[in-house]
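Q: Just passing along the structure, written as structure tokens.
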Amino acid sequence: MNKFLIVGLVAIFLVASVALALTLGNHSPVLLQASTAQSIFGGSWKVFTNETYLKVYPTQTVSVYFANGTNVTTPLPHQVKTLDKEVLVGDVNGTTVVMRIQEITYTSNVTFFNFLRPLGHLMHHRFLFSNFNITNFNGYEVVYFSNNIFPRTYLLAIKGNTIVNVELNMTATQQQMLDVLSNLS
Numbered sequence: 003m004n005k006f007l008i009v010g011l012v013a014i015f016l017v018a019s020v021a022l023a024l025t026l027g028n029h030s031p032v033l034l035q036a037s038t039a040q041s042i043f044g045g046s047w048k049v050f051t052n053e054t055y056l057k058v059y060p061t062q063t064v065s066v067y068f069a070n071g072t073n074v075t076t077p078l079p080h081q082v083k084t085l086d087k088e089v090l091v092g093d094v095n096g097t098t099v100v101m102r103i104q105e106i107t108y109t110s111n112v113t114f115f116n117f118l119r120p121l122g123h124l125m126h127h128r129f130l131f132s133n134f135n136i137t138n139f140n141g142y143e144v145v146y147f148s149n150n151i152f153p154r155t156y157l158l159a160i161k162g163n164t165i166v167n168v169e170l171n172m173t174a175t176q177q178q179m180l181d182v183l184s185n186l187s
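Right, here's the structure in full:
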């Protein structure tokens, strides 16, 4: 009996390892190529690899055991499934520019309430932004903020179970930020 238990555990470990390798093998932590950033903003760009990563979280489940003998196992609602963070550093017209991109994928669709949580910090500083717009783009609900005085640009986008946050320490147009969003891999 102990042999079957050990063989079973080894089989589960191998299946989980292969599944994790396939998941990681299909995803790159690089969301936006440096050459694409260069075509959108000009200058020269590189991916800052020491701060660019992909986190894959295990999906946790809840099991319900009914008195009638029925068992139901479902994923926990609204868990973070993956978090992809990329940092690009560029030289645009002699100015060092840092772009931070985060893409968070949940196990279920993101509600508008969850989308507004990261937006709350930006709304608190609304008076600092000279440009503000909410729009739809490629199925995303998009919020765009930028400022010409303190060069900062933010884009928050929600689509299904994904939230994308792009932050740039330069003033960029809404179209440039939408170009970033449309070129994410």
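The sequence shown runs 3 to 187 under the numbering used here. We put the beta carbon where it would ideally sit given N, CA and C, even for glycine.
Here's a check: name, in chain order, each residue in its chain whose Cβ is nearer than 6 Å to the Cβ of T84, leaving out the five neighbours to either side.
A: V58 and T107
Q: Residues in the same chain with beta-carbon distance under 6 Å from Q177, minus the five sequence neighbours each way, listed in chain order, please.
A: none
Q: Could you work out which residue in M172, G141, N52 and V64 is closest to Q81 when comparing CA atoms only?
A: V64
Q: By the DSSP assignment, the alpha helix (DSSP H) with S41 in it spans what residues?
A: A36 to F43
Q: So, at 6 Å on beta carbons, what are the nonlocal neighbours of L180 in its own chain, with the 5 sequence-adjacent residues on each side left out?
A: F139
Q: Roughly how far, in whole angstroms, is the beta-carbon of V89 from the beta-carbon of F50, given that I think they are within contact range, below 8 Å?
A: Between the beta-carbon of V89 and that of F50 there is about 4 Å, and that keeps the pair under the 8 Å contact cut.
Q: For the beta strand (DSSP E) containing M101, list its first residue and its last residue.
A: T97 to Y108
Q: Please go through the same chain and pick out, in chain order, the residues whose beta-carbon is closer than 6 Å to the beta-carbon of V74, but skip the five residues on each side of it.
A: V66
Q: Between A153 and T175, is the Cβ-Cβ spacing less than 8 Å?
A: It is worth fixing the name first, because residue 153 is Pro in this sequence and not Ala. Not closer than 8 Å, so no.
Q: Let me check understanding here. Comparing Cα to Cα, which of G45, E105 and P77 lies closest to P60?
A: P77
Q: How far does the alpha helix (DSSP H) with V182 in it reach, from first residue to last?
A: Q176 to S184
Q: On the DSSP bridge list, what partners appear for V82?
A: Y108
Q: Just how far apart, CA to CA, sit V144 and N185?
A: 15 Å
Q: Among L183, I151 and I165, which residue has its Cα nearest to the Cα of N171?
A: I151
Q: So for N52, helix, strand or coil by DSSP?
A: Assignment of N52 by DSSP, reduced to helix, strand and coil, places it in the helix class.
Q: Kindly indicate which residue of N135, L56 and T155 has the alpha-carbon position closest to the one of F43.
A: T155
Q: Per the DSSP calculation, S65 is bridged to which residue(s)?
A: T75
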